[in-house]
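These notes are about the structure you will find just below.
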Amino acid sequence: MQATAAVEQLKPYVAGPRLRDVCSDHGVADMAFLHANECPDGPFPEVVAAVAEALPRLNRYPDQDCSALRAILVDTLGVTPNQLMFGNGSCELLKLLAEAYVSPGEHVVFPSPSFVVYRHLGMQRQAVLKPVPLKEYGIDLQAMVAVVDAQTRMVVVCNPNNPTGSYVSTSALKLFVSGLPSTTLVVLDEAYVEYVTEPAHEDTTSWVVEFPNLVVLRTFSKIYGLAGLRVGYGVANADIVQAIDRLRQPYNVSALAQVAATEALRHPGQVAARRDHVARERERMATALERMGREYVPSQANFLFLNVEGLPMPGEEVPRLLLARGVMTRSGYFMDCPGWVRVSIGTVAENDRFLAALAALTD
Ligand SMILES: Cc1ncc(COP(=O)(O)O)c(C=O)c1O
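Mind the numbering: the sequence shown is residues 8 to 370 in my numbering, read in order.
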């Protein structure tokens, strides 16, 4: 049975290997999972307790409106309840936004390399893809503006960018958004924004009042340690929220995800502690890479993108050799950057293991 032409050309998302198989496949006792930009720590203890408390009520469908989660975000962000949308991960919201706003033949503009899902959702919509190369590993806002025309229905910016970790200042971003046509949906993917330590960083969610075509997406999968539950949110003008409401399936955010995300937002001190840990470790790893003579991209996220060319083996081989030493990273090969590797910031011990494994490859 043939699927539609749009579906036939897609490739499934390639996740890393199944975690339980990785250690045995590589003959190591345990593995540092530094391949998916996850938080090395689990959910906050209070979140674990809240989820456990909610388990006996799983016979009931979840709250269709995510009322408790909406209420706490209204307080935290200072937005109105009708400016919030929720998804089964921010990926679901990306997909729904493309479905709602992009018709076949229209243009989707996104940076490259960046999060692979942007390309995928453009293909799904049978859109014309307009990837814009990075400039010195950072998002080139000027080049992005230059390709936007009357056909452009969606522009995506990832800040900090995955896989490079590079950051564009919010002042430059604001100018960029204000220079785009109001008929173009601008999606600002902030999956890693909680890790940003740049002092001049501004919270972008308040911008949706000024820019009715802007959506800011965030996730609980990263700093909150809830990747396994799949929950993300978007802030946008009420008419965009309503469009997503018409499209989404009933009860798209599970009951446990709602409980966990709501509780997680009650602990900003623990979020700050995680941000501080990542900032310290990011700095320490960067210094160690410099000492090894390795080029890397300055990062504002919980990962580093580094060049692994010039070792005694081809760059593409490096992730496999690191795996054999108990460290799982993401190869740049799949992101059109074959000589590069993306490594998440883990615990101090995991980061040490990565640095030692990399150093051992040079011997
Ligand atoms: C840039 C970016 N956006 C979105 C996501 C996915 O977030 P979620 O788990 O909320 O679907 C990721 C996950 O790696 C990401 O890197």
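Idealized CB from N, CA, C, for every residue including glycine.
- Proximity to ligand 1 was defined by a C-beta distance below 5 Å to any of its heavy atoms, and the residues meeting it, in sequence along the chain, are Gly96, Ser97, Cys98, Phe122, Cys165, Asn169, Asp196, Ala198, Thr226, Ser228 and Gly239.
- Take the alpha-carbon of threonine 212 and the one of leucine 318: they are about 43 Å apart.
- For histidine 114, the enclosing beta strand (DSSP E) stretches over residues 114–119.
- In this structure methionine 8 is exposed. Its beta-carbon is surrounded by fewer than 16 other beta-carbon atoms within 10 angstroms.
- Between the C-alpha atoms of methionine 130 and alanine 271 there is a straight-line separation of about 35 Å.
- Closest option to alanine 43, judged by alpha-carbon separation, among Leu236, Gln133 and Ser351: Ser351.
- Annotated as proximal: asparagine 166 and glutamate 197, with beta-carbon spacing under 8 Å.
- With fewer than 16 neighbouring CB atoms inside 10 Å of its own CB, asparagine 66 falls in the exposed class.
- Burial check for glutamine 277: the Cβ neighbour count within 10 Å reaches 16 or more, so the residue is buried.
- About 7 Å separates the beta carbon of alanine 57 from that of alanine 267, a gap short enough to meet the 8 Å contact definition.
- Of the other Cβ atoms in all chains shown, 16 or more fall within 10 Å of the Cβ of serine 228; this residue is therefore buried.
- Here the alpha carbons of valine 154 and valine 162 stand approximately 10 Å from one another.
- Proline 138 carries a strand assignment under DSSP once its states are collapsed to helix, strand and coil.
- No residue range can be given for alanine 43, since it is assigned to no alpha helix (DSSP H) and is classified by DSSP as neither H nor E.
- In this structure the stretch 68–83 does not lie against the stretch 310–325, because fewer than three pairs of beta carbons, one per stretch, are closer than 8 Å.
- The beta carbons of valine 223 and valine 215 sit closer together than 8 Å.
- In the DSSP assignment, the residues bridged to tryptophan 347 are Asn314.
- In this structure, the beta-carbon distance from valine 139 to valine 124 does not fall below 8 Å.
- Annotated three-state conformation of leucine 221 is strand, per DSSP.
- In the three-state reduction of the DSSP assignment, leucine 362 falls in the helix class, which pools H, G and I.
- Counting along the chain, glycine 129 sits inside the alpha helix (DSSP H) bounded by residues 124–131.
- By the criterion of a C-beta distance shorter than 8 Å, cysteine 46 is surrounded in its chain by Lys229, Ile230, Tyr231, Gly232, Ala234, Arg281 and Asn309, once the five residues flanking it on both sides are discounted.
- CA-CA distance, valine 14 to leucine 101, rounds to 17 Å.
- Methionine 161 sits in a strand when the DSSP states are folded into three classes.
- Here DSSP, grouped into helix, strand and coil, assigns threonine 190 to coil.
- In the displayed model, alanine 59 falls within a helix according to three-state DSSP.
- Arginine 289 is classed as buried because its beta carbon has at least 16 other beta carbons within 10 Å across all chains shown.
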